[in-house]
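Trainee: If you read the protein sequences in the order shown, they are chains A and B.
Residue 42 in the numbering used here sits at position 42 of the first sequence, and the numbers go up by one each step.
For the numbering used here, count along the second sequence from 1 and bump the result up by 1000.
Every residue, glycine too, gets a C-beta built ideally from N, C-alpha and C.
Protein chains: 2
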Amino acid sequence: MEDSIMLLCDIGNTSYHFFDGLNDYKKSVDDFRPDAVKETVYFISVNAAISQTLEHLKNWIDLSNFIDKDRYYETMGIDRIFATRAIDNGIIIDAGSAVTVDVINKGKFMGGFIYPGINAMQKTYENISPALAYSFNFECDLDIMPKNSQDAISYGYLKTLYSEVISHNLPIILTGGDAVKFKHIFQDAKIDDRLIFNSMKKIIKENEDKLC
Amino acid sequence: MEDSIMLLCDIGNTSYHFFDGLNDYKKSVDDFRPDAVKETVYFISVNAAISQTLEHLKNWIDLSNFIDKDRYYETMGIDRIFATRAIDNGIIIDAGSAVTVDVINKGKFMGGFIYPGINAMQKTYENISPALAYSFNFECDLDIMPKNSQDAISYGYLKTLYSEVISHNLPIILTGGDAVKFKHIFQDAKIDDRLIFNSMKKIIKENEDKLC
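(1) Is it the case that the Cβ atoms of A/Ile104 and A/Ile92 are separated by a distance below 9 angstroms?
(2) What residues are listed by DSSP as bridge partners for A/Gly112?
(3) How close, in whole Å, do the beta carbons of B/Gly1096 and B/Asp1178 come, if the pair is a contact with beta carbons under 8 angstroms?
(4) Along the chain, where does the beta strand (DSSP E) that runs through B/Val1037 open and close?
(5) CA-CA distance, B/Lys1058 and B/Lys1210?
(6) For A/Phe197, I'd like the list of residues in its chain whose CB is within less than 8 angstroms of its CB, leaving aside the five on either flank, ordered along the chain.
(7) Where do the ends of the alpha helix (DSSP H) carrying B/Leu1158 lie?
(8) Would DSSP call A/Phe43 helix, strand or coil?
(9) Skipping 5 residues on each side, what residues in its chain have a beta carbon closer than 6 angstroms to that of B/Pro1171?
(10) Output the distance between the C-alpha atoms of A/Lys30 and A/Thr14, rounded to the nearest integer angstrom.
(11) Let me make sure I understand the geometry here. Which of A/Met145, A/Asp70, A/Asp143 and A/Gln122 has the alpha-carbon closest to that of A/Met110?
(12) Enumerate in chain order the residues of its own chain whose CB-to-CB distance from B/Glu1002 is below 8 angstroms, with the five nearest sequence positions on each side excluded.
(13) Does DSSP put B/Ala1189 in a helix, in a strand, or in coil?
(14) In chain B, which residues lie with their C-beta within 7 angstroms of the C-beta of A/Gly111?
(15) Considering only their Cβ atoms, is the gap separating B/Tyr1115 from B/Ala1098 smaller than 9 angstroms?
(16) Between the region 1104-1136 of chain B and chain A, which residues of the former have a C-beta closer than 9 angstroms to a C-beta of the latter?
(17) Please decide whether B/Asp1151 counts as near chain A, where near means a Cβ-Cβ distance under 9 angstroms.
(18) Below 8 angstroms on the Cβ atoms is my guess for B/Leu1195 versus B/Phe1186; work out the distance and round it to an integer in Å.
(19) Heavy atom of the ligand HEM less than 8 angstroms from the Cβ of B/Asp1094, yes or no?
(20) Is A/Glu164 close to chain B, meaning its C-beta is less than 9 angstroms from at least one C-beta of that chain?
(21) Go through its chain and collect everything with a Cβ distance to B/Gly1176's Cβ below 6 angstroms, but skip five positions before and after it.
(22) Take B/Gly1112 as the anchor and find which of B/Met1121, B/Val1101 and B/Asp1141 has the nearest alpha-carbon.
(23) Would you decide whether A/Gly156 is buried or exposed? Buried here means 16 or more other CB atoms lie within 10 Å of its CB.
(24) What residues in the region 1052-1076 of chain B bring their beta carbon closer than 9 angstroms to a beta carbon of chain A?
(25) Is the beta carbon of A/Ser199 less than 9 angstroms from the beta carbon of A/Arg85?
(26) Considering just the uninterrupted stretch of the alpha helix (DSSP H) at A/Tyr125, what are its terminal residues?
(27) Roughly how many angstroms lie between the CA atoms of A/Lys181 and A/Asp193, to the nearest whole one?
(28) Is the Cβ of B/Ala1086 closer than 9 angstroms to any Cβ of chain A?
(29) Could you check the C-alpha separation between A/Lys183 and A/Phe138 for me, to the nearest Å?
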């Protein structure tokens, strides 16, 4: 297996997210033609329609076939499963439209929970009352109880999550589009933008005999 | 001051909530006529229009005038202020369309935060993905990490709040329409449906010389 011609791809509902070993880039699902790719592509996909198309392309290899799905749960997304495979010990916060929080202990997935993403939660407060229509203050001091509305909702969103996450006393890994924002709150966390790609590489390595 | 002819009233946006010393009952703001009441009524109101009307009725006494508002914050509702005056030490969870959580230490308001109410948060998850359109499971075991979607959102909503609230290590008082549901989570909490009325009585007692 030559690294130079290997592509990794994480397929979502709106885009193909590629990693060529050096750089990552995205292509829209609307106009990208997977049959135009000549290299071997190792992929995972939460997009059922695209997964079906790719079954007919020999050089697109679905890495989800190399996962023991019994260790997870039925409705758990393959991207989330792969994220948890990237580390042996820790708590992964994947901050996107939802915030998924997964615990891994000695290589074993212990379970996880789902918290609303930033935009979803801001809308929630706004819908409860126009008086709560603020952006979250990520600089809010979470060591003191708030005495104004903006901090009262920022604390309500962020400190509750923080208190729960640190109670696990595990190394924290941040990933996803809002990782940098959450780094203000989880200051000791490590940001890893390539968690899923690293995990894909790991799965490929573990299954080298079957894949080559 | 004779207890027998004293009425307490907590006025919201939709109703007058009365307490006659024995029972409590509600009247709609749409058709209730405050000038038909002959007894003395001690009230608080978050309803600005009604507050204005009541200024002209001698037997309706606004208890918000007996509160030192500098101890709170400008946009804090008078009902929330009164709730915090009911106790000297503890954390009050008022579970309604929003969940307000306020800390009182040695009679002093330390601050508080706002968390979405049950309905608002369920809608939030549903809007993120139809796959998350569940009711919360209040029987969910919060001591183990979830491995199914319903528990993953239930834990995300409830355990985060729980972890934050218990970190204050204070007696917990539950009030508001969803107090009974939250009692499943905060099993050591005390439910107090009459927190605001008790607080009103306390303020009346403290200001007896001015009021009689």
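Mentor: If we stick to the structure as given:
(1) Position 104 of the first sequence, counted from the start, is the residue given in the question as residue 104 of chain A. Position 92 of the first sequence, counted from the start, is the residue given in the question as residue 92 of chain A. Their beta carbons are under 9 angstroms apart, which means A/Ile104 touches A/Ile92 by this criterion.
(2) As a working mapping, residue 112 of chain A is identified with position 112 in the first sequence. DSSP lists A/Asp102 as partners of A/Gly112.
(3) As a working mapping, residue 1096 of chain B is identified with position 96 in the second sequence. As a working mapping, residue 1178 of chain B is identified with position 178 in the second sequence. The Cβ separation is near 7 angstroms, so the contact holds.
(4) On the second sequence, residue 1037 of chain B is found 37 positions in, with the first residue counted as 1. It is not in any beta strand (DSSP E) - B/Val1037 carries neither H nor E in the DSSP assignment.
(5) Taking the second sequence and counting its residues from 1, the one referred to as residue 1058 of chain B is at position 58. Taking the second sequence and counting its residues from 1, the one referred to as residue 1210 of chain B is at position 210. Roughly 15 angstroms separates the two Cα atoms.
(6) Locating residue 197 of chain A in the first sequence gives position 197, where the first residue counts as 1. Once the five neighbours on either side are set aside, the close Cβ partners of A/Phe197 are Leu8, Asp10, Phe19 and Asp24.
(7) In the second sequence, counting from the first residue as 1, residue 1158 of chain B sits at position 158. Taken as a continuous stretch (DSSP letters only), the alpha helix (DSSP H) holding B/Leu1158 covers Ser1149 to Ile1166.
(8) The count along the first sequence starts at 1 and reaches residue 43 of chain A at position 43. Three-state result, A/Phe43: strand.
(9) Taking the first residue of the second sequence as 1, we reach residue 1171 of chain B at position 171. Answer for B/Pro1171: Gly1090, listed in chain order.
(10) On the first sequence, position 30 is the one that residue 30 of chain A refers to. On the first sequence, position 14 is the one that residue 14 of chain A refers to. Contrary to the premise, residue 30 of chain A reads as Asp rather than Lys in this sequence. Cα-Cα distance, rounded: 8 angstroms.
(11) Residue numbering aside, residue 110 of chain A sits at position 110 when the first sequence is read from its first letter. When each option's Cα is compared against that of A/Met110, the closest is A/Asp70.
(12) Your numbering for residue 1002 of chain B matches position 2 in the second sequence. For B/Glu1002, the pLDDT reaches just 46, beneath the cut-off of 50, and the residue's location in the model is therefore unreliable, although a value from the coordinates is still provided. Around B/Glu1002: no qualifying Cβ.
(13) As a position in the second sequence, residue 1189 of chain B is number 189, starting the count at 1. Secondary structure of B/Ala1189 (DSSP, three-state): coil.
(14) In the first sequence, counting from the first residue as 1, residue 111 of chain A sits at position 111. In chain order: Ile1144, Met1145, Pro1146 and Lys1147.
(15) In the second sequence, counting from the first residue as 1, residue 1098 of chain B sits at position 98. In the second sequence, counting from the first residue as 1, residue 1115 of chain B sits at position 115. Yes. Within cutoff.
(16) Phe1109, Met1110, Gly1111, Gly1112, Phe1113, Ile1114, Tyr1115, Pro1116, Gly1117, Ala1120, Met1121, Lys1123, Thr1124, Tyr1125, Asn1127, Ile1128, Ser1129, Ala1131 and Leu1132
(17) Along the second sequence, read from residue 1 onward, the residue named residue 1151 of chain B stands at position 151. Yes - at least one Cβ of chain A is within 9 angstroms of the one on B/Asp1151.
(18) Against the second sequence, residue 1195 of chain B aligns to sequence position 195. Against the second sequence, residue 1186 of chain B aligns to sequence position 186. About 15 angstroms separates the two Cβ atoms, so there is no contact after all.
(19) This structure does not include the ligand HEM; it has no bound ligands of any sort.
(20) Sequence index remark: in the first sequence, residue 164 of chain A carries index 164 (1-based). Yes, A/Glu164 lies at the interface with chain B (some Cβ there is under 9 angstroms from its Cβ).
(21) Here residue 1176 of chain B corresponds to residue number 176 of the second sequence, with the count starting at 1. So the list reads Asp1094, Ala1095 and Gly1096, once near-sequence residues are dropped.
(22) The residue you call residue 1112 of chain B lines up with position 112 of the second sequence. Selected option, being the one with the closest Cα: B/Val1101.
(23) On the first sequence, position 156 is the one that residue 156 of chain A refers to. When all chains shown are included, A/Gly156 counts as buried.
(24) Tyr1072, Tyr1073, Glu1074, Thr1075 and Met1076
(25) Indexing the first sequence from 1 puts residue 199 of chain A at position 199. Indexing the first sequence from 1 puts residue 85 of chain A at position 85. A contact, by the Cβ cut-off of 9 angstroms.
(26) Translated into the one-based positions of the first sequence, residue 125 of chain A becomes position 125. That run of the alpha helix (DSSP H) goes Ile118 to Ile128.
(27) In the first sequence, the residue the question calls residue 181 of chain A occupies position 181. In the first sequence, the residue the question calls residue 193 of chain A occupies position 193. In a straight line, the C-alpha of A/Lys181 is about 13 angstroms away from that of A/Asp193.
(28) The sequence position of residue 1086 of chain B within the second sequence is 86, counting from 1. B/Ala1086 does not count as touching chain A.
(29) Locating residue 183 of chain A in the first sequence gives position 183, counting from the first residue. Locating residue 138 of chain A in the first sequence gives position 138, counting from the first residue. Going by the C-alpha atoms only, they are around 9 angstroms apart.
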